[in-house]
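Below is one structure, written out as C-alpha cells; comments come after it.
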Amino acid sequence: MMNTPTENNLSGLDRNKFQKNINSKKTDLFILKNAQGMEVAVTNYGCAILSIMVPDKAGKYANVVLGHDSIEHVVNSPEPFLNTTIGRYGNRIAKGKFTLYGEEHQLTINNGPNSLHGGPTGFHTRVWDAVQPDQSTVIFNYTSVDGEEGFPGNLKVEMTYRLEDETNTLVIEYRATTDKATIVNLTNHAFFNLAGIATPSPTVLNHIITINADFYVPIDEVSIPTGEILKVEDTPMDFRTPHAIGERIDGKFGQLVNGSGYDHCYVLNKTESGELSLAATCTDPDSGRTMEVYTTENGVQLYTGNWLNGFEGAHRATFPARSAVCFEAQCFPDTPNKAHFPSAILLPGDEYQQVTIYKFGVQE
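According to UniProt numbering, the sequence shown is numbered sequentially starting from 1.
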C-alpha cells in the first residue's frame, strides 16, 4: 500500500489519525494531487472522501466537501454516509424486500420501514483494500460475500478515484462482478459546499444548480417511489434552467414536504442508456466556484442536506441543516420492486460498470 507523504497537504489532515486496525484490516489516509494544484484526501474506510481542495475566483483553496479529520470521527459520524461509497444498493428499498427470479430476499431495515444505502453495515462501513499507483490515483477493492446484509451472491467490486491533470476533475470508476444473480446500485454520497466548510458552514441555499432532466421520480411520505415518472415542468422540481436551491425549497409543494426539501431522483436526459453525459451543474455565486457532474447512470439523486444537525467535522467546522448538496449518480430507488424502472440486476458473466465525474472550476 503506497501513500503520498501527507506532511504538507492542503487539507491539513494528519495521516497518523487515520491509521487504525478495524476488523483486522488497516485503515489509512491517501492524498491525491494533480498538475493544477487540486488535492483530494480519502480513506479506505468506506472509501470516504475527506476533503476536496479547489480554488475560488481569487485563487484561494478551500475544502468543498463536509469531512472529518480522524478515523474515529469517520467511523462514529452522526451522518454515517458522509462522502462514502454506497452499496450494495444505494437509496431505498421498500420494506427491505425484493424478489429476484422467484426468490424473496429480506434486507436489514435501517430507515423507517425501509432499507437504505445497503444497510447499517453496507459498503460505507467496510475497510477496502487499497493501492496508490501514482500521486493522482487510488484503487480500492472489496468483496461483499453472499448474504451480506441480505444480498445474494459474492460481489467483487473495484473502484478507482483519479484526478485529471488538464482540469480540476475527480473521476470515479466502478466495476463489479458476481457469482450469483444479484442487484447492484453503487454511488458516492459526497456532501458538497462550494463556499468551503467553516464554523459554522454556510447553507447551500444560494448555490445555483441545473439538472439535465425532464422527469423525476416522485416519492411517498416514507421516501419510497410511487412508481410514477413525472414531468418537472411547471413544478419546483424543475432545474432545467438555473435556480438557487433555496428559491423554492420551503414551498407547500407535496413532494418537497415529503422529502423535507429536495431528496429526489431525477431521470437524466440520455441519448442512449449508459452514455457519459452532463447530469448537473452547481455554482456558488460568492466564491465563484463551479462544479459539473457527468455520469453514465440513468438517475441522479438531489439531496439538500435536510437532516444535517450541526455536528462537528474536520478542523472544528460544523454542518447545520442544508449546508451541503449531494448529486448521487445511481439507478432509481426501489428499482427491484418496480418492474418498469431500468434494471439493477447483475448476472454472472456480466460486469457492472459506472463512471461519474466531478469537474471543478470558477465562473468566468
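C-beta: ideal position from N, C-alpha, C; glycine also.
#### Entry: Burial state of G119 (16 or more Cβ within 10 Å)
buried
Sort out for me which residues DSSP pairs P152 with in a bridge. Residue pairing for P152: DSSP places it in no beta bridge.
Determine, using beta-carbon pairs with one atom in the region 233–248 and one in the region 198–205, whether at least three such pairs fall under 8 Å. Segment contact: the region 233–248 against the region 198–205, three or more CB-CB distances shorter than 8 Å; contact assigned.
query = M38 and N154 look like a contact to me (Cβ under 8 Å); what is the Cβ gap, rounded to whole Å?
reply = Actually they are not in contact, since the Cβ atoms of M38 and N154 sit about 36 Å apart, beyond 8 Å.
* Would you identify the three-state DSSP class for N141, choosing helix, strand or coil? => strand
Kindly give me the distance between the Cβ atoms of N83 and Q330, rounded to whole angstroms, as I take these residues to be in contact under 8 Å. At roughly 15 Å, the Cβ-Cβ gap does not stay under 8 Å, so N83 and Q330 are not in contact.
How big is the Cα-Cα spacing for A280 and R88?
24 Å
> Would you say K60 and G288 are within 7 Å of each other, going by their C-beta atoms?
Replying inline: no
Let me check one thing: in DSSP terms, what residues is H243 bridge-paired to? I209
Next item on the list: Let me know the secondary structure DSSP gives H264 once reduced to three states.
Entry: strand
Q | For H189, the three-state DSSP class (helix, strand or coil) | A | coil
**Q.** Own chain, CB closer than 7 Å to K25, minus 5 neighbours either side, in chain order
**A.** V127
Ordered along the chain, which non-local residues of its own chain (more than five positions away) have a Cβ less than 6 Å from that of A62? G196
Continuous beta strand (DSSP E) stretch holding H105: start and end | It spans E103 to Q106 - the beta strand (DSSP E) in which H105 sits, taken as one unbroken run.
Option nearest I209 by Cα separation, candidates H189, T304, F30 and S70 | Looking from the CA of I209, the closest CA among H189, T304, F30 and S70 belongs to T304.
message = In the DSSP assignment, the alpha helix (DSSP H) including I71 goes from what residue to what residue?
response = I71 to V75
Can you list, in chain order, the residues of its chain whose CB lies under 7 Å from that of E292, leaving out five sequence neighbours each side? L278, T281 and K359
Q.
With H, G and I counted as helix, E and B as strand and the rest as coil, what does DSSP make of T125?
A. helix
Q) Exposed or buried, what is P5 when buried is set at 16 or more other beta-carbons lying within 10 Å of its beta-carbon? A) With a pLDDT of 46 at P5, under the threshold of 50, the modelled position of this residue cannot be trusted, and the question is left open.
* **Beta-bridge partners of P55, as assigned by DSSP** => Y61
- Proximity test, Cβ basis, 7 Å: T281 and chain C: You won't find chain C in this structure, because it holds only one protein chain.
Report back the beta-carbon spacing between I183 and F81 to the nearest angstrom; my notes put them in contact at under 8 Å.
Their Cβ separation, rounded to whole angstroms, is 19 Å, which puts I183 and F81 out of contact at 8 Å.
task: Return the Cβ separation of T187 and L32 in integer angstroms, given the expectation that the two are a contact with Cβ distance under 8 Å.
output: Not a contact, Cβ separation roughly 20 Å.
So, at 6 Å on beta carbons, what are the nonlocal neighbours of N16 in its own chain, with the 5 sequence-adjacent residues on each side left out?
none
- If we ignore side chains and look at the alpha-carbon of each, how far apart do A130 and I357 end up? Approximately 20 Å between the Cα atoms of the pair.
Pairwise C-alpha distance: N44 and P113:
As the crow flies, the alpha-carbon of P113 is around 30 Å from that of N44.
- Among all the DSSP beta bridges, which residues are the ones paired with L82? According to DSSP, which records beta bridges pairwise, L82 is partnered with nothing at all.
Are the CB atoms of I49 and A190 within a distance shorter than 7 Å? For A190 and I49, yes; Cβs fall inside 7 Å.
Can you grab the Cα-Cα spacing for the pair S343 / N185, in whole Å? 10 Å
Own chain, CB closer than 6 Å to A176, minus 5 neighbours either side, in chain order = L155, V157, V184 and Y352, listed in sequence order.
**Asked** Looking only at its own chain, which residues have a Cβ that is under 7 Å from the Cβ of S77, when we skip the five neighbours before and after it?
**Response** Correct list, in chain order: H68.
- Message: Tell me which residues share the same chain as N306 and place their Cβ nearer than 6 Å to its Cβ, disregarding the 5 neighbours each side in the sequence.
- Response: S260 and G261
(Q) Starting from V293, trace the beta strand (DSSP E) in both directions and tell me its first and last residue. (A) R289 to T295
**Study point:** Buried/exposed call for M1, threshold 16 Cβ in 10 Å
**Key:** Its pLDDT being 45, under 50, M1 is placed unreliably by the model, and the measurement read from it follows with that caveat. Looking at its Cβ environment, which holds fewer than 16 other Cβ atoms inside 10 Å, M1 is exposed.
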